[in-house]
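One structure is given here, and the rest of the page talks about it.
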Ligand SMILES: C[S@@+](CC[C@H](N)C(=O)[O-])C[C@H]1O[C@@H](n2cnc3c(N)ncnc32)[C@H](O)[C@@H]1O
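Numbering (the working numbering), first residue to last: -17 to 261.
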């Protein structure tokens, strides 16, 4: 095996990084610009010093590798990430795919509201998958810094014409005349009481993106569901990513607020992960 990869793997492993093989691959492929397979077949690579620096920084600080490299992958695309936004998670791809299935056969203009846009991964991935549609996504976040990052990502992916960004505390800056076919959100859902039990790396991500103040972590769902009726078109859809043990509680809140056709989709670990409901 190529020695640089061995060296990087060792630095990461000695630093206690669990997924040291995947991360070593990411570092080498990103910095060299070549695939690991090519490198193993003898491809000459440059910037070895930089690769070692990144690995040492990761091992020393335990900051997420995505923060050190400055990007993360989501649905095959590279997104800029920084400490102001949540690092996109694989589970969120399930939410995007479900939204895509719900909207792909819709005729005419499609209006979407993404609450808590963060890095922009949901809005951008959905816009990209529905590129041939007349789609307009209003992407809101309470964090101005997150909106700046999402805007950069939309620009990088050439999706600016499809997404409007606005600073808003949930619906606070949505006008009464604005109506949506779909409201999608991956809101903060970790109960604050679990703060001390999280993986060390999560501590580098913004608290505002992670935690909900109530015992069950469903406060944001409650707020979004309560006023969703005002902003959804007839037959409009609500789609959420949810956390562990939250599906039953959220289902009940939806029923209390007259939502129907409630569907729950599991993730690969068999955990209820996405909830879809219709008004
Ligand atoms: C779990 S992150 C999701 C980010 C991104 N959509 C994703 O799926 O990776 C939640 C986002 O909600 C935002 N947020 C928190 N409170 C909010 C509020 N009251 N109104 C709007 N957005 C809020 C956070 O800033 C954060 O960007």
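From the three backbone atoms N, C-alpha and C, an ideal C-beta is built for every residue, glycine too. Every value quoted in this text rests on a predicted model; they were computed, and no experiment measured them.
Contact under 8 Å by Cβ, residue i with residue j
i	j	result
residue 109	residue 144	yes
residue 249	residue 76	yes
residue 67	residue 14	no
residue -7	residue 10	no
residue 207	residue 235	yes
residue -14	residue 57	no
residue 194	residue 171	yes
residue 241	residue 153	no
residue 16	residue 25	yes
residue 226	residue 253	yes
residue 173	residue 197	yes
residue 228	residue 185	no
residue 124	residue 151	yes
residue 18	residue 30	no
Simplified DSSP assignment, three categories, for residue i
i	result
residue 281	Residue 281 is absent from the structure shown; the chain starts at -17 and stops at 261.
residue 154	coil
residue 186	helix
residue 216	strand
residue 26	coil
residue 78	helix
residue 47	helix
residue 16	coil
residue 136	helix
residue 286	Residue coverage of the chain in this structure runs from -17 to 261, which leaves residue 286 outside it and unanswerable.
residue 0	coil
residue 116	coil
residue -10	helix
residue 261	coil
residue 176	helix
residue 97	strand
residue 130	helix
residue 203	helix
Candidates the options, of which the one nearest residue i by Cα
i	options	result
residue 165	54, 149, 69 and 211	211
residue 55	30, 97 and 12	12
residue 70	53, 86 and 84	53
residue 121	23, 49 and 106	106
residue 113	126, 86, 135 and 124	86
residue 139	202, 104, 186 and 195	104
residue 148	194, 181 and 97	97
residue 95	209, 17, 161 and 30	161
residue 239	187, 159, 183 and 261	261
residue 59	141, 259, 21 and 90	141
residue 135	158, 116, 99 and 167	99
residue 201	216, 167 and 51	167
residue 266	237, 218, 0 and -2	Residue numbering for the chain in the displayed model covers -17 to 261; residue 266 lies beyond these limits and cannot be assessed.
residue -2	181, 187 and 188	181
Check: residue i C-beta below 7 Å from any heavy atom of ligand 2
i	result
residue 191	Summarising the ligand content, the structure contains ligand 1 and does not contain ligand 2.
Distance between beta carbons of residue j and residue i, contact taken as under 8 Å
i	j	result
residue 244	residue 256	Incorrect: roughly 11 Å between the Cβ atoms, too far for contact.
residue 163	residue 92	5 Å
residue 44	residue 82	Contact flag wrong, Cβ pair sits at about 35 Å.
residue 146	residue 118	7 Å
Contact between the segment 212 to 229 and the segment 174 to 183 is defined here as three or more beta-carbon pairs at a separation below 8 Å; is this criterion met? Between the segment 212 to 229 and the segment 174 to 183 there are fewer than three inter-stretch CB-CB distances shorter than 8 Å, so the stretches are not counted as touching.
Three Cβ pairs or more, each shorter than 8 Å: is that satisfied between the segment 61 to 69 and the segment 130 to 137? With the cut-off at 8 Å, the segment 61 to 69 and the segment 130 to 137 touch.
Three CB pairs or more closer than 8 Å across the segment 71 to 91 and the segment 32 to 39: no
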